[in-house]
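Residue numbers (the UniProt record's numbering): 1 to 679.
Note sheet for the following structure.
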């Protein structure tokens, strides 16, 4: 038996602070508790003592010293490790957060601060009607980018209240499930596939949720570009080290916002983190397509990704076409929307036919039995160390994932001069359509680095066929792969956009276009050309894209962005084990690239397909990766936490497992298993 005095000694006092809005009620309460009291019981005792009649269901305990939530209400205080000195705050799990979207619009909405960021982003995307939330994450702007902004513009202000789109009354913000209708594959199209605006028959879907028709237009349609002055004030990375700063602030997807120091009303960036855009469909993805387009557009305007002058003019022309199409569309009557409606069942059956047939029926057996090959005369360019480049014509044969070249066609039956295995190589386009230059730069991994080889093609068709074959071979695929012909067509369409012809009427009347050309190119090109010159050149490039619809212009812009050599690379400054100098590590959807920090040249490439395992030594914050053929690397990350790179690798592997057959359900446990780590 235990006496009452001995029993009383087992109880202890715990100070609890309540985060409520009632000014006339105290916020700190002293409770007598025991170690075997469970968290749910502590909540009940506290609510009884507060004596305020309200819904407390969203409240939970936040442990301030340990930066963690006490969400397992069946656990006892002893099991949680709570003692008398613990500072527990009884606060709401859903709080207001401001998010800056890729289109630079700021939205204010209620988000779970207790859920893992992966789940919180999924809920946010439901509110914004963005499918495939696993491609996005939350980014905290690094101090380096913010400091430079402040230096450039001391008078810059935060977005005014009028500029912020307030979605705080949405169902998901209130902790309720999102409207399932927005995610149903059997419903009628949510968006007009031509204009990208909400389809008239489905406006009712938005009126019950957070997205009204007006709000949907703000998110799904691009708006006039900012002024050149505003663009000049924004942070523009000049070096690889600057680009590394852009990726330093990704939040940990396996921890909550509160655990990472995010407070109510803080501002974060919602961005596409993983550059594998799965199953883009204009009927359902107008918001998603527009936000991808906007992220691509700002990346080009702020020179976060490099492109040539020719490519910059194409991007400018596509932006101009988008705004011209939008103006012409707005002047038309609304009746045209009804005419463009498509029978959903018929369209679905048509898509299914194409998918099952895989194109031309007559070629199916041929594709299975024959492994295609390319054979042609190409110029081989080899850079010499102490002399000019050596250029010579050889007979090239492309078979499987290798290129062999011979002195001439007649000697092709014998041994080749050299055989190049392209699996795991880097393929970089070297094209200038105006100068009739169609080059392919190959960086082939060898024991001591990268072997550099240039191929020169004679024309666009030859270039498209060989370039597509090289791209597939670098991923370990042959020309028998079903993606070969679409890759050829994609390259040809991109070249066609570059191959513009001057239209005298458009060039002589640049005032016909009521827009500032400086808004469509990066500041570097506004300094290089005068306004009239820039207008004329954009109009010249515009001739090949002038017939495109709103959505098509955006999709072609995204496609052109994906064609750039640096597309999808996220940079980090690292120190490799055994190295005495810092390098840059580029992380892409299918590979890691070690890059020389001074020159920007790739040193080595490692493919995820060859990766056997990877792990992190959390004590010394070192990432170690093992590849096939006994290749292993280890590095520490200097520009960010090593967890970010670990999550990138696991995230891309997770995304590679997606399939349309999975009915859009995410295996959240698998994601955390691949990305969470064991700290």
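All C-beta atoms, glycine included, are put in the ideal place defined by N, C-alpha and C.
A quick note: this is a predicted structure, and the numbers were derived from the prediction, not measured.
With distance defined between alpha-carbon atoms, name the residue in the options nearest to residue i.
i	options	result
residue 408	432, 416, 402	416
residue 99	79, 90, 91, 124	124
residue 57	88, 632, 44	44
residue 435	456, 427, 320, 450	456
residue 516	96, 240, 316, 304	316
residue 524	300, 465, 585, 572	300
residue 430	421, 463, 398	463
residue 644	324, 249, 422	249
residue 623	460, 595, 572	572
residue 606	628, 577, 68	628
residue 568	304, 51, 255, 453	304
residue 11	633, 83, 235	83
residue 461	498, 114, 47, 489	489
residue 270	612, 32, 127, 574	127
residue 282	221, 256, 320	221
residue 427	439, 418, 433, 419	439
residue 545	397, 275, 166, 320	320
residue 265	458, 107, 437, 547	107
residue 458	418, 521, 527, 378	378
residue 103	280, 465, 164	164
residue 672	119, 46, 62	119
residue 411	531, 16, 394	394
Rounded C-beta distance between residue i and residue j? I'm assuming under 8 Å.
i	j	result
residue 253	residue 647	6 Å
residue 121	residue 138	6 Å
residue 35	residue 76	6 Å
residue 570	residue 245	Residue 570 to residue 245, Cβ: 12 Å. No contact.
residue 699	residue 251	Since the displayed the chain opens at 1 and closes at 679, residue 699 lies outside it and no answer follows.
residue 658	residue 278	6 Å
residue 64	residue 87	4 Å
residue 114	residue 256	5 Å
residue 310	residue 612	Actually they are not in contact, since the Cβ atoms of residue 310 and residue 612 sit about 41 Å apart, beyond 8 Å.
May I ask which residues mark the beginning and end of the beta strand (DSSP E) holding residue i?
i	result
residue 98	94-100
residue 429	426-432
residue 137	136-139
residue 14	12-18
residue 547	Note, residue 547: premise wrong, no beta strand (DSSP E); not H, not E.
residue 418	418-421
residue 627	622-627
For residue i, is the beta carbon positioned less than 7 Å from some heavy atom of the ligand ADP?
i	result
residue 587	Annotation note on the ligand ADP: not contained in the displayed structure, which lists no ligands.
Taking Cβ to Cβ, would you say residue i is nearer than 8 Å to residue j?
i	j	result
residue 273	residue 492	no
residue 94	residue 105	no
residue 89	residue 19	yes
residue 237	residue 450	no
residue 577	residue 635	yes
residue 307	residue 564	yes
residue 31	residue 51	no
residue 373	residue 396	no
residue 391	residue 381	yes
residue 676	residue 240	no
residue 284	residue 550	no
residue 433	residue 444	no
residue 234	residue 521	no
residue 268	residue 97	yes
residue 424	residue 610	yes
What residue range does the alpha helix (DSSP H) around residue i cover?
i	result
residue 709	The question about residue 709 has no answer here: the residues shown for the chain are numbered 1 through 679.
residue 240	240-246
residue 526	523-528
residue 654	642-655
residue 567	Where residue 567 is concerned, there is no enclosing alpha helix (DSSP H), given that its DSSP letter is neither H nor E.
residue 444	Taken as a continuous stretch (DSSP letters only), residue 444 belongs to no alpha helix (DSSP H), being part of the beta strand (DSSP E) at 437-446.
residue 117	117-128
residue 474	460-474
residue 491	484-498
residue 232	228-233
residue 58	Where residue 58 is concerned, there is no enclosing alpha helix (DSSP H), given that its DSSP letter is neither H nor E.
residue 637	No alpha helix (DSSP H) holds residue 637; the beta strand (DSSP E) holding it covers 631-637.
residue 50	39-50
Practice problem: Evaluate contact between the region 590-608 and the region 260-269, counting only Cβ atoms and requiring at least three cross-stretch pairs below 8 Å. | Solution: As far as the Cβ criterion goes, the region 590-608 does not touch the region 260-269, which means the pair count is below three.
Quiz prompt | the region 609-623 contacting the region 547-561, beta-carbon criterion three pairs below 8 Å | solution = Taking 8 Å as the limit for Cβ pairs, the verdict is that the region 547-561 does not touch the region 609-623.
Exercise. Count the CB pairs spanning the region 533-540 and the region 392-408 that are closer than 8 Å, and state whether there are at least three.
Key: Not touching, per the Cβ criterion.
Practice problem: Mind the definition here: the region 228-235 touches the region 645-660 only if three or more C-beta pairs lie below 8 Å; say whether that holds. | Solution: Fewer than three Cβ pairs drawn from the region 228-235 and the region 645-660 lie within less than 8 Å of each other, which leaves the two stretches out of contact.
Exercise. Please determine if the region 270-290 and the region 472-481 are in contact, where contact requires at least 3 C-beta pairs separated by less than 8 Å.
Key: Touching, no, given that fewer than three Cβ pairs across the two stretches are closer than 8 Å.
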